[in-house]
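Note that full-length UniProt numbering gives residue 225 to position 225 of the sequence shown, counting from 1, and the numbers run on in steps of one. Backbone N, C-alpha and C fix where the C-beta goes; we use that ideal spot for every residue, glycine too. Owing to the predicted nature of the structure, the values given are computational and were not obtained by experimental measurement. Working notes for the structure below.
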Amino acid sequence: MYEGIVQELIDELARLPGVGPKSAQRIAFHIVQTRNFDVTRLAGVLMEVRERIRFCEICGNISEREQCVVCRDPRRDPTIICVVEEPKDVAAIERTREFQGRYHVLGGAISPIEGIGPDDLNIRSLLHRLESGDISEIIVATDPNLEGDATASYLSRLLRSVGVSVSRLASGLPVGGDLEYADEVTLGRAFAGRQAMGDRRSIPTRPAVGGWASAPPPEEPTPPPPDDAPADPA
Ligand SMILES: [Zn+2]
Numbered sequence: 001m002y003e004g005i006v007q008e009l010i011d012e013l014a015r016l017p018g019v020g021p022k023s024a025q026r027i028a029f030h031i032v033q034t035r036n037f038d039v040t041r042l043a044g045v046l047m048e049v050r051e052r053i054r055f056c057e058i059c060g061n062i063s064e065r066e067q068c069v070v071c072r073d074p075r076r077d078p079t080i081i082c083v084v085e086e087p088k089d090v091a092a093i094e095r096t097r098e099f100q101g102r103y104h105v106l107g108g109a110i111s112p113i114e115g116i117g118p119d120d121l122n123i124r125s126l127l128h129r130l131e132s133g134d135i136s137e138i139i140v141a142t143d144p145n146l147e148g149d150a151t152a153s154y155l156s157r158l159l160r161s162v163g164v165s166v167s168r169l170a171s172g173l174p175v176g177g178d179l180e181y182a183d184e185v186t187l188g189r190a191f192a193g194r195q196a197m198g199d200r201r202s203i204p205t206r207p208a209v210g211g212w213a214s215a216p217p218p219e220e221p222t223p224p225p226p227d228d229a230p231a232d233p234a
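Here it is in structure tokens:
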């Protein structure tokens, strides 16, 4: 539609997730037309991020060092692991300030349609972490959609055989969506009301210092009814 290199730029931008053709065009013209837009800086950051960012050797989160900022933090409770699909989910949960434990990033979700099975995910290293015996609870915080549910069921079966308590985020999250799009209040509430998976009825209440900023009250383990949660305003 446009001449040579401009169209190439638009096409490249449109390949990015969440950028449609119109946004790609808007960004491209911003870059072309804005005199003080620092193209060198943007190009430099893009190159540098590829060089410097790696995956944490413990949890699979993105990191500039061998271990990510959460795994390096001695104040984080090492007995609870929250399992998420992507590094962006770690960021979403960190924004709620509800969780004081550690993470494990799977790098995706089980999806037969896309040919992604358990062996393609970062599960072996999770089992390896469990071998230490220090981990008492796993919270599965996969996306509330088909793939996320399949992954959660698989992990629940697998992990219960190791004797670890497995829970899943409570209802209230927008079904079919992405964890990262849930607002902080909804996501925080889903954490506090997390439900045990499989045949375990209750989950251990964590002390406020070690595990949860706001642990669910022990005498009222019942989660709020599903229609209690407001719809995502976004
Ligand atoms: Zn880590």
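Close-in-space but distant-in-sequence residues of the same chain around residue i (CB under 6 Å, 5 per side omitted)
i: residue 187; result: 96
i: residue 184; result: 95, 96
i: residue 71; result: 56, 58, 59
i: residue 9; result: 28
i: residue 114; result: none
Residue i CB to nearest heavy atom of ligand 1 below 6 Å
i: residue 68; result: yes
i: residue 122; result: no
i: residue 53; result: no
i: residue 82; result: no
i: residue 145; result: no
i: residue 58; result: yes
i: residue 61; result: yes
Residue from the options with nearest C-alpha to residue i
i: residue 7; options: 18, 17, 31; result: 31
i: residue 141; options: 129, 161, 193; result: 193
i: residue 162; options: 136, 168, 178; result: 136
i: residue 1; options: 24, 45, 19, 116; result: 24
i: residue 131; options: 151, 63, 159, 119; result: 159
i: residue 112; options: 124, 126, 147; result: 147
i: residue 126; options: 51, 156, 114; result: 156
i: residue 154; options: 10, 117, 35, 3; result: 117
i: residue 63; options: 43, 119, 49; result: 49
i: residue 145; options: 165, 73, 108; result: 108
Three-way DSSP call (helix, strand, coil) for residue i in this model
i: residue 182; result: coil
i: residue 196; result: strand
i: residue 164; result: coil
i: residue 189; result: helix
i: residue 103; result: strand
i: residue 64; result: coil
i: residue 32; result: helix
i: residue 5; result: helix
i: residue 125; result: helix
i: residue 56; result: coil
i: residue 19; result: coil
i: residue 116; result: strand
i: residue 138; result: strand
i: residue 110; result: coil
Beta-carbon proximity list for residue i, same chain, < 8 Å, skipping 5 on both sides
i: residue 149; result: 142
i: residue 134; result: 78, 79
i: residue 152; result: 140, 142, 168, 197
i: residue 53; result: 62, 63, 64
Cβ-based neighbour list, residue i, same chain, cut-off 7 Å, excluding 5 preceding and 5 following
i: residue 105; result: 59, 60, 61, 84, 86, 87, 90, 122
i: residue 82; result: 93, 99, 101, 103, 139, 141
i: residue 67; result: 56, 57, 58
i: residue 178; result: 143
i: residue 180; result: 88, 89, 92
i: residue 13; result: 19, 24, 27, 28
i: residue 3; result: none
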